[in-house]
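Protein chains in written order, with my numbering: chain A, 2 to 194; chain B, 111 to 483; chain C, 3 to 232; chain D, 43 to 400. Here a beta-carbon is modelled for each residue, glycine too, at the ideal position from N, C-alpha and C.
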Amino acid sequence: MKRYFTDIYESVSSILGGMGITLMHLIKARNDNVTLQYPEEKWPRPERNIGFDHNSYNVIRSRLHVDMDDCIGCLKCERACPVDCIKIVTEKAPVRGEDLKEIKHKGVTSNGTRKALVVTRFDIDMSECCYCNLCTYPCPEECIFMTGGPNAKKHPIDYEFSEPDRSDLIYRFAKKGAKEGLAEMNAKQEAEA
Amino acid sequence: MGVVHGQEMVLNIGPQHPATHGVLRLQVKTDGEVISEITPYLGYLHRCFEKHCENVTYEQVIPFTDRCDYLASMTMNFGYVVAVEKLMDIKVNDRVQHIRVIMAELQRIASHLLATGVFGLDLGAFTPFLHMLRDRERIIDLFEMTCGARLLYNYMWVGGLSHDLPKGFVEATLNFLDYFEPKIDEFENLLGHNKIFVERTADIGIMPAEVAINFGVTGPNLRASGIKWDLRKDDPYSIYDKFDFDIPVGQGIKGTIGDSWDRFYVRLQEIRESVKIVRQAIDQLPKDGDVHQSMPKKIRPPKGSIYSRTESPRGDLGYYIESDGSDTPSRLKMRSPAFTALGVLDEIAGGWLMSDVLAILGSLDIVLGEIDR
Amino acid sequence: MSEDIQLLIDDVVAKALAGDMDPINNIEDRVTRSKAKAALVKAKRFQPQIEVDSKSVQAAEKSDTESKQTIEQIVIASLSKNFSDFLDGEQNNDWVQIKAENWFDIAKYLKTNEDLYFDSLQCNTGVDLEQGMLESRYNLHSMKHLHAIEIRIKVSIEKPDIPSVESLWRVADWFERETYDMFGINFTGHRDLRRILLPEDWDGWPLRKNYEEQETYHGIVVPKVKEGWE
Amino acid sequence: MTVDYIFDFLTGLLGGFLGSDYLLLASMLIPCLAIFGFITVYALIVIYAELKVSSFIQDKVGPMGQGVGLHAGKWGLLQPVADALKLLLKEDIIPSSADRPLFILAPFMIFIGAFISFVAIPFGESIIVADLNIGLFYILGVGSIAVLSLILAGWASNNKWSLYGGMRSAAQIVSYEIPAGLSLIVVIMLAGTLNLQDIIKYQEGGIFNWIIFDNPFVPIAFVVYFISALAEVNRTPFDLPESESELVAGFATEYSGMRYAFFFLSEYANMFVVSAVAAAGFLGGWQSPFAGFMSTPAWGVFWMISKTGFLIFVMIWLRWTLPRLRVDQLMNVCWKVFLPLALINIFGVAIWTVVFNS
């Protein structure tokens with residue numbers, strides 16, 4: 002019998018206690034919420050009271066980008082990729098370290114390395130990318146990196162890269178017409194020779 | 111007393127069901143609401159993790175370990191990294207160790223928050239679940255700040271970490287802990303001591319200690335059965351022996367030792383202990399030290415094998431690595447804690463009502479990504 | 003990358019190597035900052051690393067182990083009192099290699115003996131040793147004495163039969179099903195030996211080294227080459 | 043009564059053009075349409091309230107629309123409209139193995155049950171569709187139609203989850219009607235009538251004349267009635283028939299689109315009915331809490347709606363606080379706690395009335 006009444010007492014007190022907690026949340030609803038009104042408020046999120054600012058982010062994994070002017074075609078990123086979403090094809094440059102104006106190929110990287118290869122194909126399938134960041138570390142020229150982030154002036158926030166067609170998620174970074182241009186040049190050279 | 115037996119009905123709970131925490135199919139035999147037999151069918155989320163690992167190099171395995179237990183990626187990384195480092199005999203410096211511990215314990219808090227919250231959701235309490243998600247969000251913000259990813263981090267590398275801590279991380283973490291500690295009490299009052307919740311979980315799904323050991327159940331589920339067994343204390347890896355923390359065990363406050371309420375409560379207590387560890391680790395964090403210092407240029411472990419265990423939020427996470435001296439593992443087996451926890455379901459949940467079975471399933475805290483691998 | 007940025011990076015890397023991380027963190031542009039950090043990492047790799055004096059540590063450990071018997075030796079000594087001809091091939095300090103025949107009895111002894119009392123089976127895994135041999139490995143652990151051991155059982159690929167220990171450690175139920183699923187090791191005496199992770203009608207044993215994927219599964223062609231990629 | 047008013051009004055207006063049969067029909071249809079309109083508008087409001095209250099309790103912001111374009115309006119005010127439109131425009135699926143006629147019948151029956159209860163609800167001193175002399179009894183009676191339709195829905199869906207939901211709801215609603223009815227007997231004993239208007243008139247003269255403050259036993263009766271009413275309308279912690287984490291969606295698993303909307307609508311309509319009965323029976327109905335102050339008929343409607351609204355808010359509040367009970371516990375609570383309490387209340391009130399009020 003005593004158990005019966007303690008049960009009733011516990012039920013009533015614990016339920017009222019719980020209702021008190023929820024009522025406090027109801028009254029102070031805006032205090033703790035972390036909701037982002039997505040299309041209007043975009044990440045980087047407006048200030049919350051967690052106490053850090055966006056400049057202190059280390060890195061943001063938003064999308065892979067390649068600076069083709071710096072790429073020397075060493076295939077290190079292709080080998081580092083655990084899901085094989087990077088595909089690179091290179092061809093030998095006619096002269097090492099020289100600009101090829103016809104196909105907008107730059108001969109020397111910003112680190113001063115002279116390129117021996119022309120990258121004719123540099124495809125990244127972002128639908129397969131697992132955002133592990135492993136490809137960005139072995140790159141000797143630091144030309145492949147994750148874009149986005151609050152401070153990226155060069156590349157604005159672009160995490161909304163959804164596409165209606167899956168094949169549109171294959172990003173082709175190589176300069177357009179590089180392959181044909183190179184073949185044409187080689188043919189011309191052969192003809193001259 | 112005469113009992114009327116109806117016809118038995120076979121019912122499939124899942125693969126698409128709100129309470130199965132993923133794609134799990136439980137084939138149950140029911141007599142009215144009473145469930146007499148449970149047969150779990152796994153494999154709906156099988157992604158050939160172990161076969162993959164035989165085809166990629168050691169560093170490329172780490173993103174795959176993330177995806178096994180997607181709710182506790184940091185500790186999955188941690189376990190793998192510890193195993194490979196043991197195999198290669200690499201010693202990492204103190205700063206790396208401290209950062210790893212901070213990350214692993216924050217991850218444990220996040221994982222337990224979700225586990226306890228979802229447990230409430232299984233019993234129909236929606237609000238605690240969203241309160242838990244709210245706080246987990248802040249932890250994920252901390253991770254995002256550190257390594258740029260919110261769920262699948264690929265943060266701990268063999269011999270180091272992918273990034274050093276960002277500027278302001280320590281203050282942000284301390285702020286978070288100050289904010290978070292009162293919330294644990296609030297959560298405990300809102301859900302843990304609610305009479306309906308207690309009635310639904312106390313004395314339900316009792317797992318005696320012998321059964322737990324025999325079925326290989328580990329982690330909070332084993333501790334709820336009253337056994338003080340935690341790899342962080344009993345077989346310390348990394349620098350866990352430096353910290354002062356308790357191991358909460360089930361005491362049967364509301365019912366019997368090893369019931370669903372104990373499993374819930376042990377997790378809640380572990381959140382408190384993890385907060386303690388994070389505070390200590392931040393206090394002792396060495397100011398200098400390069401996180402890439404002892405990273406080998408090429409990971410080629412010597413020929414041999416190792417079985418290494420670490421404490422993930424779900425229990426003993428073991429990695430069995432067989433190396434043939436090349437840069438890809440010749441065999442990598444993950445001993446997943448949720449796999450064994452699910453194995454005990456039929457034993458402890460048979461004969462209960464349908465609502466209880468789903469409550470027990472929720473209390474075991476399984477993650478199908480890790481079970482199916 | 004322009005020259006100014008390169009100069010800036012060189013500057014901050016030099017400062018960072020001297021121990022001042024602030025200039026690097028104060029760079030406004032994120033790309034530049036991450037590049038600077040990457041450059042810093044590279045610069046540090048070429049710095050001489052601090053050698054850990056591991057020899058003395060190892061020596062200390064060695065003297066410890068020499069004075070005591072390893073758990074493998076204890077187990078073998080204890081087993082040879084009750085079983086004969088159970089060891090298989092050369093023994094190693096890290097594991098105990100036994101024959102498949104009386105594995106169930108040995109397991110029962112290991113589990114029930116008061117001094118050994120391996121009450122917990124931590125892990126069971128199969129390994130394809132190639133050259134026509136499969137191996138099943140058991141990691142046992144004692145919650146009471148806090149010691150652990152690894153047992154290995156070799157079987158030929160033609161007749162991969164190993165006695166099941168599912169009735170001793172119930173956790174072996176699913177472990178053995180998984181090993182069966184992946185390697186095709188037949189655990190005799192298992193009550194419910196079915197595939198666990200793969201579908202019932204799957205062909206082959208995927209984790210064997212000579213496994214080849216099937217061409218079609220239920221009429222669905224298994225894709226091997228990515229469309230529009232090669 | 044209202045029908046008579048409308049009939050008189052219409053006769054005065056159109057008496058020369060139409061026969062009295064047509065006018066009678068019209069004067070019956072107009073209140074029906076008014077109730078239907080009221081239920082629809084009320085449902086939109088209460089859905090919005092439920093969304094917002096739950097969001098604030100859970101530290102979310104709920105439906106919001108801050109920008110231009112097809113958003114849910116200012117503060118998400120258009121969200122319930124959008125929800126309703128979505129349900130209306132959705133494809134209506136009837137499973138091939140379902141019992142077709144029963145499957146179609148069930149949502150209409152449950153809505154009829156909720157709808158005809160509104161007939162006897164007093165919104166104001168003269169604003170009531172049919173002032174029945176057995177109003178309270180009538181509402182209790184037609185409220186039980188819900189059980190039948192839930193069983194129909196569960197059975198006709200030919201789905202195991204639905205069947206579970208139907209069986210659970212049958213057991214639950216039938217059981218909880220007993221403590222609910224017994225608690226209302228207290229009201230009937232004190233007011234001495236079954237007519238809801240007369241019950242409200244009995245409570246005239248300020249807050250302390252309300253039945254709930256009549257004697258110490260009545261508040262208990264009120265709590266018992268309120269909790270039993272929660273169970274009758276399948277709200278948490280008694281939402282076992284549709285418990286989404288156990289039975290997927292219970293009896294409504296196979297329903298979609300408009301048919302599902304009917305279940306939804308009648309749940310909210312039933313919430314209003316039970317809250318209105320509680321307000322009329324215990325909290326003075328359309329009487330002002332201050333004697334003679336703000337007690338014109340227009341204010342009467344305000345008081346009635348706000349009292350009912352408060353009880354609905356408490357229901358929403360409870361839903362987002364509590365977990366769900368188990369089937370056997372549900373029955374235990376009903377038969378071992380509420381039924382004895384309700385009986386004790388009847389005796390207590392009877393003795394109290396004889397000793398103190400005679």
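ask   = What does residue 285(D) reach in chain B if we use C-beta pairs closer than 9 Å?
value = Position 243 of the fourth sequence holds residue 285(D). Near residue 285(D) (Cβ distances below 9 Å), the residues of chain B are 234, 465.
query = Does DSSP classify residue 194(C) as helix, strand or coil?
reply = As a working note, residue 194(C) is residue 192 in the third sequence. Correct three-state label for residue 194(C): coil.
query = In whole angstroms, what is the alpha-carbon distance linking residue 10(C) and residue 18(C)?
reply = Sequence index remark: in the third sequence, residue 10(C) carries index 8 (1-based). Sequence index remark: in the third sequence, residue 18(C) carries index 16 (1-based). Distance between the alpha carbons of residue 10(C) and residue 18(C) is about 12 Å.
task = Below 7 Å CB to CB, which residues in the same chain sit around residue 476(B) once its five sequence neighbours on both sides are set aside?
result = Your numbering for residue 476(B) matches position 366 in the second sequence. Cβ neighbours of residue 476(B) beyond the five flanking positions: 131, 448, 451, 452.
task = Determine, using beta-carbon pairs with one atom in the stretch 191-211 of chain B and one in the stretch 147-167 of chain B, whether at least three such pairs fall under 8 Å.
result = no
request  = Using three-state DSSP, classify residue 113(C) as helix, strand or coil.
outcome  = Numbered from 1 along the third sequence, position 111 holds the residue referred to as residue 113(C). Residue state, collapsed to three classes: helix.
Residues bridged to residue 145(C) (per DSSP) = Here residue 145(C) corresponds to residue number 143 of the third sequence, with the count starting at 1. Answer is none; residue 145(C) lacks a bridge partner.
message = Against chain D, with Cβ distances strictly below 8 Å, would residue 119(B) count as a contact?
response = Position 9 of the second sequence, counted from the first residue, corresponds to residue 119(B). The beta carbon of residue 119(B) falls within 8 Å of a beta carbon belonging to chain D, placing the residue at that interface.
Spatially closest choice to residue 25(A) from 62(D), 359(D), 311(D), by CA coordinates = As a first step, residue 25(A) is located in the first sequence; it is residue number 24 there, counting from the start. For residue 25(A), the nearest C-alpha among the options comes from 359(D).
Reduced DSSP secondary structure (H/G/I, E/B, other) of residue 526(B) = The shown model of chain B, from 111 to 483, leaves out residue 526(B), and the question about it has no answer.
inquiry  = For the pair the stretch 187-207 of chain D and the stretch 143-155 of chain D, tell me if three or more CB-CB distances fall below 8 Å.
reply    = Three or more beta-carbon pairs separated by less than 8 Å link the stretch 187-207 of chain D to the stretch 143-155 of chain D, which places the two stretches in contact.
request  = Taking all protein chains shown into account, decide if residue 15(A) is buried (16 or more other Cβ within 10 angstroms of its Cβ) or exposed.
outcome  = By one-based count along the first sequence, residue 15(A) stands at place 14. Per the 10 Å Cβ criterion, buried.
message = Once the 5 residues before and after residue 97(C) are set aside, which same chain residues still bring their CB inside 8 Å of it?
response = Against the third sequence, residue 97(C) aligns to sequence position 95. The answer, listed in chain order, is 74, 139, 151, 152, 153, 154.
query = What separation, rounded to the nearest whole angstrom, lies between the Cα atoms of residue 387(D) and residue 276(D)?
reply = Numbered from its first residue, the fourth sequence carries residue 387(D) at position 345. Numbered from its first residue, the fourth sequence carries residue 276(D) at position 234. The alpha-carbon atoms of residue 387(D) and residue 276(D) are separated by roughly 25 Å.
task = Please report how far the alpha carbon of residue 206(B) lies from the alpha carbon of residue 392(B), in whole angstroms.
result = Walking along the second sequence from the start, residue 206(B) turns up at place 96. Walking along the second sequence from the start, residue 392(B) turns up at place 282. C-alpha of residue 206(B) to C-alpha of residue 392(B): approximately 12 Å in a straight line.
inquiry  = Within 8 Å of any Cβ in chain B, is that where the Cβ of residue 124(C) sits?
reply    = Your numbering for residue 124(C) matches position 122 in the third sequence. Closer than 8 Å: yes.
C-alpha distance - residue 356(D) paired with residue 153(D), whole-angstrom precision = Counting from 1 along the fourth sequence, the entry for residue 356(D) is found at position 314. Counting from 1 along the fourth sequence, the entry for residue 153(D) is found at position 111. Each residue's Cα considered, the two are about 23 Å apart.
key: C-beta neighbour in chain B for residue 132(A), strict 8 Å   = In the first sequence, the residue the question calls residue 132(A) occupies position 131. At least one chain B Cβ lies under 8 Å of residue 132(A).
query = Looking only at its own chain, which residues have a Cβ that is under 7 Å from the Cβ of residue 167(D), when we skip the five neighbours before and after it?
reply = Counting from 1 along the fourth sequence, the entry for residue 167(D) is found at position 125. Excluding residues within five positions, the ones whose Cβ falls inside 7 Å are 328, 339, 342.
request  = Starting from residue 453(B), follow the alpha helix (DSSP H) in both directions and report where the run begins and ends.
outcome  = In the second sequence, counting from the first residue as 1, residue 453(B) sits at position 343. Here the alpha helix (DSSP H) through residue 453(B) covers 447-453.
key: Option nearest residue 203(D) by Cα separation, candidates 126(B), 462(B), 222(B)   = Position 161 of the fourth sequence, counted from the start, is the residue given in the question as residue 203(D). The option with the nearest alpha carbon to residue 203(D) is 126(B).
request  = May I ask you to list, following chain order, the residues of the stretch 367-378 of chain D that have a beta carbon less than 9 Å from some beta carbon of chain B?
outcome  = 367, 368, 369, 370, 371
task = Hey, could you find the ends of the beta strand (DSSP E) residue 149(B) is sitting in?
result = For the purposes of this step, residue 149(B) is taken as the residue at position 39 of the second sequence. Residue 149(B) -> beta strand (DSSP E) spans 144-151.
ask   = Should the stretch 388-408 of chain B be called in touch with the stretch 274-283 of chain B, which here means at least 3 C-beta pairs below 8 Å?
value = yes
key: Sub-8 Å separation of residue 455(B) and residue 474(B) beta-carbons   = Your numbering for residue 455(B) matches position 345 in the second sequence. Your numbering for residue 474(B) matches position 364 in the second sequence. In contact: residue 455(B) and residue 474(B) (Cβ atoms closer than 8 Å).
query = In whole angstroms, what separates the C-alpha of residue 56(C) from that of residue 138(A)?
reply = Here residue 56(C) is taken as the residue at index 54 of the third sequence, counted from 1. Here residue 138(A) is taken as the residue at index 137 of the first sequence, counted from 1. Legend: pLDDT at residue 56(C) = 44, less than 50; position of this residue unreliable, value from coordinates given subsequently. Each residue's Cα considered, the two are about 29 Å apart.
message = Which residues in chain D have a C-beta closer than 9 Å to the C-beta of residue 244(B)? List them in chain order.
response = On the second sequence, residue 244(B) is found 134 positions in, with the first residue counted as 1. What residue 244(B) touches in chain D: 100, 101, 102.
ask   = Do residue 217(D) and residue 373(D) have their C-beta atoms within less than 8 Å of each other?
value = Within the fourth sequence, numbered from 1, the residue matching residue 217(D) stands at position 175. Within the fourth sequence, numbered from 1, the residue matching residue 373(D) stands at position 331. It is a contact, given that the beta carbons lie within the stated cut-off.
query = What do you get for residue 241(B), buried or exposed, if any count of 16 or more other CB atoms within 10 angstroms of its CB means buried?
reply = Locating residue 241(B) in the second sequence gives position 131, counting from the first residue. Buried, since its Cβ has 16 or more Cβ neighbours within 10 Å.
query = How would you write the range of the beta strand (DSSP E) that residue 209(D) sits in, first residue to last?
reply = As a first step, residue 209(D) must be located in the fourth sequence, where it is residue number 167. No beta strand (DSSP E) holds residue 209(D); the alpha helix (DSSP H) holding it covers 202-233.
message = Using the three-state DSSP reduction, which class does residue 267(B) fall into: helix, strand or coil?
response = Within the second sequence, numbered from 1, the residue matching residue 267(B) stands at position 157. Strand, per DSSP.
key: Nearest residue (CA-CA) to residue 263(D), options 390(D), 67(D), 250(D)   = Numbered from its first residue, the fourth sequence carries residue 263(D) at position 221. For residue 263(D), the closest of 390(D), 67(D), 250(D) by C-alpha to C-alpha distance is 390(D).
request  = Measure the C-alpha to C-alpha separation of residue 251(B) and residue 35(A) and round it to an integer number of angstroms.
outcome  = Translated into the one-based positions of the second sequence, residue 251(B) becomes position 141. Translated into the one-based positions of the first sequence, residue 35(A) becomes position 34. If I take the Cα positions, the gap works out to 11 Å.
key: Residues sharing a beta bridge with residue 441(B), DSSP   = Along the second sequence, one-based indexing puts residue 441(B) at 331. Paired residues: 432(B).
Inter-residue spacing [alpha-carbon to alpha-carbon] between residue 238(D) and residue 368(B) = The residue you call residue 238(D) lines up with position 196 of the fourth sequence. The residue you call residue 368(B) lines up with position 258 of the second sequence. The straight-line gap from Cα to Cα measures roughly 53 Å.
message = Please confirm whether residue 363(D) has its beta-carbon closer than 8 Å to some beta-carbon of chain A.
response = What you label residue 363(D) is simply residue 321 of the fourth sequence in a count that begins at 1. Closer than 8 Å: yes.
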